[in-house]
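Remarks on the structure that follows.
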Amino acid sequence: MVENALTSPSSPHRRPFSWGSPLTYGLALAIAAVSIAPVVYVIVGGFRTTPQIIADPAGLPDPWVWDNYARVLTRVDFWQQALNSAVIALGTTLAVVLLGVCAAFVLARYSFRGRETLYTFFTLGLLFPAGAAILPLYLMLRDLNLINSYYAVILPQVAFSLPLTIVILRPFLAAVPRELEDAAAIDGAGRLGFLWRVMLPLSRPALVTVGVLAFVASWNAFLLPLLVLGDADLHTLPLGVQNFSSQYTSDTAGILAFTSLAMLPALLFFTFAEKQIVGGLQGAVKG
Amino acid sequence: MTSTNPTLSPAGGASVPPAGPPATRRPSSRAAETRRKWYEIIGLTTPAVAVYVMFVLVPMGFAVYYSLFRWRGVGPPTEFVGFNNYILAFQDPIFLDALRNNAIIVFGSLLLQGPIALAVALLLNRRFRGRTVFRLLVFVPYVLAEVTVGIMWKLILTGGGTIDVLLRQIGLGSLVQAWLADLDIVIWTLLVVLTWKYVGFAIILLLAGLSNVPPELTEAAAIDGASWWQTQRHVTLPLLGPTIRIWMFLSMIGSLQVFDVIWVTSVPAVRSLGASATMATYMVDNGFFARLWGYGNAVAVILFVISFIAALLFQRFLLRRDIAGAVTGRRN
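The listed protein sequences correspond, in order, to chains A and B. Each step along the first sequence adds one to the number in my numbering, with nothing skipped, and position 277 is 277. Each step along the second sequence adds one to the number in my numbering, with nothing skipped, and position 295 is 582.
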């Protein structure tokens, strides 16, 4: 069934195993070009002036102008937004990993009545569209007087990241051999000591994976901050990008520069963490 | 998504029912041990359960409650209207447009992203120099914030913008459209942008799945004289089944609640005419910005119910065999 569904779309080449390397490179280059051309366009466009862009939207900078980037980097609100994004993303990540690993540890290493029910209870969260809960969430945060605070973003983000975190962490923690637990017990460590001294170091790759996923999701989040952070001093970078682009609609070059600088941290972060993400997901999608 | 998964209980030997096997230790220490275990279980899980219940489940409950009122969000809701908000939603042509757009995005994403991601993942799974760099480049769109992607494409697709100029330069000027303003075209433009943005996620998942395919299998096939393509088709692809179904599931749920890219990219006037609205943008437009809280919450509940039914059907027909295994990492 799977085969039938999947054969048609893939490339029709029937090549021997020693498939030509130039073809591989050609295809890979084409794919990479489609992926990053718009990004390169935005970054390079930031080095042009708006009149240049209007005169020739697809051209190269001539001459290269640093002014747009300098303008953005000297804006106080840009740095404030970067700081807000960092605080919220770090807070979310730390809380998700901490709460997630504790719950996943119990679900992986304790046997008790109701364990699978509890696990199902968490996995159900994968079905809850975060977007659907946004309006009542806003009302609830308003009643709790949390609107316009970091918590208004962090707490819901933690809650909505927990299901995936637990689903990814549980098999990792469960895969640690029972013998290690016994050995730790003989050495006098309780289960909590075992969690702290053995499990956490061993499951570092999985922890990094869920951490990175939570961080990137939080760093990029838009809808929740849009609704709960009315105060401009608390705005995160995605809100800043949106504000800037609607406030200075005619300053195309400035928008390009602002957008480039806002996406830089996520790009750098992901470059360092890509291996970890793929590695961590391997446990989650094991067939 | 229930999973009764015996392989996942490494501590399976530790008995739970008190009337279990004969105690090897004194009963009192046994009871103390059990009590301590429960303290640990409760202590470790309570924070996660509390946050999850408070910020995921409770709001959904409130959505159902608020949806039964006509309510502007000031003071407690008093004007009970029963299911009237739901009836109004299904009578609004803009909402029906949003439903249609969501359907286009769900099926369009699956049909475009699936084949592309499979082809790219198979290609990038081959061994060649610089493979890591290509992998990184392909993931770039997925890492970018939705807002960034939206503004980026808005600038590129704007009338007389880069795309239009490029098309004219290569002699395809007749194809130039009002990409984001033409009511008949905008949803398809957005589908392409969404595909560009999210296909990297499918590729990541598939590459992770591919790396779990034992190399011995493909080597054996090669020794038996199978071509690269035959190996992929008969050995690799069948093993990717669970990964593909997991991706389809996540893609479907994501497509149903898509908001950010649409919100940023589409022109508000075009959105308010329904051409580029989705359930989520419709919900936020009406519930939050127009302050029709009761009505907005009814839309939220509809969005949730549709997602839930879609998820259940998907699980029933496609995911049943491997959700427990594929999601939790253990199968068979």
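Just so it is clear, CB atoms sit at the ideal spot from N, CA and C, and this is done for glycine as well. Since the model is a prediction, treat every value here as computed from it, not as a measurement.
Cβ separation of residue i and residue j, assumed to be a contact under 8 Å, to the nearest whole Å
i        : j        : result
THR552/B : LEU454/B : In fact, because the Cβ distance is near 19 Å, the residues do not count as touching under 8 Å.
GLY487/B : PRO428/B : 5 Å
PHE421/B : ALA28/A  : 5 Å
ALA55/A  : LEU431/B : Incorrect: roughly 27 Å between the Cβ atoms, too far for contact.
CYS102/A : THR332/B : 7 Å
PRO364/B : GLY581/B : 7 Å
THR449/B : ILE443/B : 5 Å
LEU478/B : ILE589/B : So it is not a contact: roughly 22 Å between Cβ atoms.
ARG359/B : ARG578/B : 5 Å
VAL72/A  : ALA257/A : 5 Å
GLN544/B : GLY125/A : The Cβ separation is near 14 Å, so there is no contact.
Listed by chain order, chain E residues near residue i by CB distance under 7 Å
i       : result
ASN84/A : Looking for chain E here will not work: the only protein chains present are A and B.
Residue i to residue j span [Cα, whole Å]
i        : j        : result
TYR151/A : LEU234/A : 11 Å
THR505/B : LEU239/A : 48 Å
VAL44/A  : GLY193/A : 53 Å
MET347/B : ARG532/B : 27 Å
VAL208/A : LEU162/A : 14 Å
PHE270/A : ASP187/A : 40 Å
VAL167/A : ALA562/B : 37 Å
ARG414/B : LEU537/B : 29 Å
PRO171/A : GLU116/A : 13 Å
LEU237/A : TYR69/A  : 15 Å
PHE604/B : ILE540/B : 16 Å
ALA108/A : MET140/A : 33 Å
ALA495/B : ILE154/A : 29 Å
PHE128/A : GLN52/A  : 47 Å
ASN243/A : GLY46/A  : 17 Å
ASN388/B : PHE112/A : 46 Å
PHE367/B : PHE349/B : 14 Å
ARG323/B : ALA337/B : 21 Å
TRP550/B : GLU503/B : 48 Å
Beta bridge counterpart(s) of residue i as assigned by DSSP
i        : result
ARG357/B : GLU366/B
Residue i, buried or exposed, once every other Cβ within 10 Å from all chains shown has been counted against 16
i        : result
SER250/A : exposed
GLY114/A : exposed
SER461/B : exposed
GLU433/B : buried
LEU264/A : exposed
TYR569/B : buried
PHE377/B : exposed
LEU470/B : exposed
THR419/B : exposed
ARG48/A  : buried
ALA528/B : Sequence inspection shows Gly at residue 528/B; the Ala mentioned does not correspond to that position. By the neighbour-count rule (16 or more Cβ atoms within 10 Å), GLY528/B is buried.
TYR119/A : buried
ALA232/A : exposed
ILE134/A : buried
PHE272/A : exposed
Beta carbon proximity, residue i to chain A, threshold 8 Å
i        : result
ILE231/B : Any answer about residue 231/B is impossible in this case: the structure gives chain B only from 288 up to 619.
THR449/B : yes
ALA350/B : yes
ASP384/B : no
ILE510/B : no
GLY583/B : yes
GLN378/B : no
TRP475/B : no
THR435/B : yes
LYS484/B : no
ALA507/B : no
PHE601/B : no
THR332/B : yes
GLY362/B : no
TRP440/B : yes
ILE549/B : no
MET539/B : no
Beta carbon proximity, residue i to chain B, threshold 8 Å
i        : result
ASN145/A : no
ARG48/A  : no
ALA159/A : yes
PHE272/A : no
PHE194/A : no
VAL216/A : yes
THR92/A  : no
SER340/A : Outside the displayed span of chain A (1 to 287) sits residue 340/A, for which this structure offers no information.
ASN148/A : no
ILE154/A : no
GLN242/A : yes
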